[in-house]
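Visitor: One structure is given below, represented as structure tokens, and several questions about it will come after.
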Amino acid sequence: MPAQTQPTPALGLDLQPRLSRRGLLGAALLVPLAAGAGGISSALAATPRARVVSTPIRLDSNENPYGPSPAARQAILASVTETPRYADAALVELAAAVAAKHSVAPSQIIIGTGSGEVLKIAGLLAAEGAGGELVAARPTYEELPVFAAKMGVQTRWTSPDTQHRHDLQAMHEAIGEQTRAVYVCNPNNPTGTALSKAALERFIRSVPASTLVIVDEAYIDLADDPEVGSMIDLVRDCPSLVVLRTFSKIHGLAGLRIGYGVAGPALAARMNSKQISFPNVAGMRAAIASLGDHHFLAETYTALVTDRRRIHSALDGLGRPRTHSQGNFVFVDTGMPHATFSGRMLARNIKVGRHFDGYDSWARITIGTRPEVDRLLEALPGALGA
Ligand SMILES: Cc1ncc(COP(=O)(O)O)c(C=O)c1O
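Here my numbering runs 14 ahead of the position in the sequence shown, where the first position is 1.
The following block contains the structure:
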């Protein structure tokens, strides 16, 4: 259940009507390459205002519009020669590259068709033995709870604390005899809030050793709070901990469906034995290349974090309560029903994220490209006006 994924219209450029079918194919290949050649700055230049005119600006699904990186774009094209074959070699190389990044052994990596697959594998483990339960905090990313329910695992939900973070004390108290797994999304989707590294580590160490702990770090690359940090090092000490990452966010490869988990060797072997699908070669080659494209990753981080701060201060100026988001999105109390706010934004040609239960007047807004954020900032005062 990637966040409200919908098909993106092909490039959304207004030159489309003037091009033949063959011309369109050419444009589809050339524009991304041209954008990739000069990094984010030329990607910005290649983001025509025409896109804004022809289709709504998509600030609804927490994608990274700057991706893929220039190196990943080249790798996708080069992977064409590998497409007749099953992608075993790429899988081995990707696991090795990810393992090297995190200083663990390749046997500790679970590659998935998106981190969504790794969440589902965790759901399969939680479903072993009848009557198991999952503990999770609402609102959160619900791919695991939804899948677990299909496997017969019910979720025991806890409420957020006053700062819209997971309430770790409440989560601890919710763990009982039947608990097979605990899900922590850090930073959390949709609130964007993150737990401190120290508090999360204390919590994980307090969970019974037989209980699977899943820490979803899909957005951790975008955290700028020095208190926030990854739990990957903790897999050395905690054999029932798995930490999830994805290539869908800072790497900008959501459409190619690559994610992974890092765990101790025994848990990783158990999870790999439950693999549901096999990742595609273009995605894996792009992921390997993207891991090495440090310039792109640094530029993307700076662009998105700078724009997150711009949007946060605009919302503060407008007097709207918001969370301290650490993701590539902001979460704001608009002061009106979600449908009213999203309708007002759509009238201004901007699509924002969906409604979340218990947060009826709140909206999640993804951080787009710099021109898209400029448009958002122009639109907000009118849309939020009484
Ligand atoms: C917190 C979180 N985890 C996992 C995912 C799934 O990501 P993917 O399957 O694209 O790796 C998402 C997608 O939006 C997410 O927000």
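Think of the CB as a built atom: it goes at the ideal place given N, C-alpha and C, for glycine as much as any other residue.
1) Pull up the DSSP beta-bridge partners for GLN168, would you.
2) Only counting the same chain, and skipping five residues up and downstream in sequence, which positions put a Cβ closer than 8 Å to that of THR225?
3) Alpha carbon to alpha carbon, how far is GLU313 from THR320? Give it in angstroms, no decimals.
4) Verify whether the separation of the beta carbon atoms of THR380 and ASN342 is less than 8 Å.
5) With distances taken from CA atoms, which of ALA92, ILE90, VAL118, ILE325 is nearest VAL276?
6) For ARG35, collect the residues of the same chain with a Cβ closer than 7 Å to its Cβ; drop the 5 residues on either side in sequence, then sort them by chain order.
7) Of all the options ALA85, VAL344, PHE217, ASN76, which has the alpha carbon lying nearest to the alpha carbon of ALA268?
8) Hey, out of TYR80, PRO351, ALA303, ALA213, whose CA is closest to LYS115's CA?
9) Could you check if LEU360 is buried or exposed, using at least 16 other CB atoms within 10 Å of its CB as the buried criterion?
10) Pick out whichever of GLU147, ALA208, ALA144 has its Cα sitting closest to the Cα of PRO174.
11) Measuring CA to CA, which of PHE292, ALA92, GLY278 is closest to ARG271?
12) How many angstroms separate the CA atom of LEU133 from the CA atom of GLY357?
13) May I have the straight-line CA-CA distance separating PRO98 from ALA296, to the nearest angstrom?
14) Could you spell out the range, first to last residue, of the beta strand (DSSP E) harbouring ILE364?
15) Would you call LYS211 buried or exposed, if buried means 16 or more other Cβ atoms sit within 10 Å of its Cβ?
16) Run through DSSP, which three-state label would TYR315 get?
17) Nearest to ASP235 by alpha carbon, out of THR95, ILE218, ASN202?
Guide: On the basis of the coordinates in this document:
1) Reading the sequence shown from its first residue, position 154 is the one you call residue 168. According to DSSP, which records beta bridges pairwise, GLN168 is partnered with GLU147.
2) Taking the sequence shown and counting its residues from 1, one reaches residue 225 at position 211. If we look at THR225 and ignore the five residues flanking it on each side, its Cβ neighbours are ILE189, THR193, ARG194, ALA195, VAL196, SER254.
3) The residue given as residue 320 occupies position 306 in the sequence shown. The residue given as residue 313 occupies position 299 in the sequence shown. Those two C-alpha atoms are separated by around 10 Å.
4) The sequence position of residue 380 within the sequence shown is 366, counting from 1. The sequence position of residue 342 within the sequence shown is 328, counting from 1. Less than 8 Å divides the Cβ of THR380 from the Cβ of ASN342.
5) Walking along the sequence shown from the start, residue 276 turns up at place 262. For the residues ALA92, ILE90, VAL118, ILE325, the minimum Cα distance to VAL276 belongs to VAL118.
6) Start at 1 with the first residue of the sequence shown, and residue 35 comes out as number 21. Only weak support is given to the placement of ARG35: the predicted model assigns it a pLDDT of 35, under 50, and the question is left unresolved by the model.
7) Residue 268 sits at position 254 when you count from the first residue of the sequence shown. Selected option, being the one with the closest Cα: ASN76.
8) Taking the first residue of the sequence shown as 1, we reach residue 115 at position 101. Of the candidates TYR80, PRO351, ALA303, ALA213, the one whose C-alpha sits nearest the C-alpha of LYS115 is ALA303.
9) For the purposes of this step, residue 360 is identified with residue 346 of the sequence shown, where counting begins at 1. Exposed, by the Cβ-count rule.
10) Here residue 174 corresponds to residue number 160 of the sequence shown, with the count starting at 1. ALA208 is the residue among GLU147, ALA208, ALA144 whose C-alpha sits nearest the C-alpha of PRO174.
11) Residue mapping note: residue 271 aligns to position 257 of the sequence shown, counting from 1. Measuring from the Cα of ARG271, the nearest candidate turns out to be PHE292.
12) Mapped onto the sequence shown, residue 133 falls at position 119. Mapped onto the sequence shown, residue 357 falls at position 343. Near 33 Å, if we compare the C-alpha coordinates of GLY357 and LEU133.
13) As a first step, residue 98 is located in the sequence shown; it is residue number 84 there, counting from the start. As a first step, residue 296 is located in the sequence shown; it is residue number 282 there, counting from the start. Cα to Cα, PRO98 sits roughly 12 Å from ALA296.
14) Start at 1 with the first residue of the sequence shown, and residue 364 comes out as number 350. 364-366 is the extent of the beta strand (DSSP E) around ILE364.
15) What you label residue 211 is simply residue 197 of the sequence shown in a count that begins at 1. Counting the other Cβ atoms within 10 Å of the Cβ of LYS211 gives 16 or more, which makes it buried.
16) Counted from its first residue, the sequence shown places residue 315 at position 301. Of the three classes helix, strand and coil, the one that applies to TYR315 here is helix, per DSSP.
17) Residue 235 sits at position 221 when you count from the first residue of the sequence shown. Minimum Cα distance to ASP235 is reached at ASN202.
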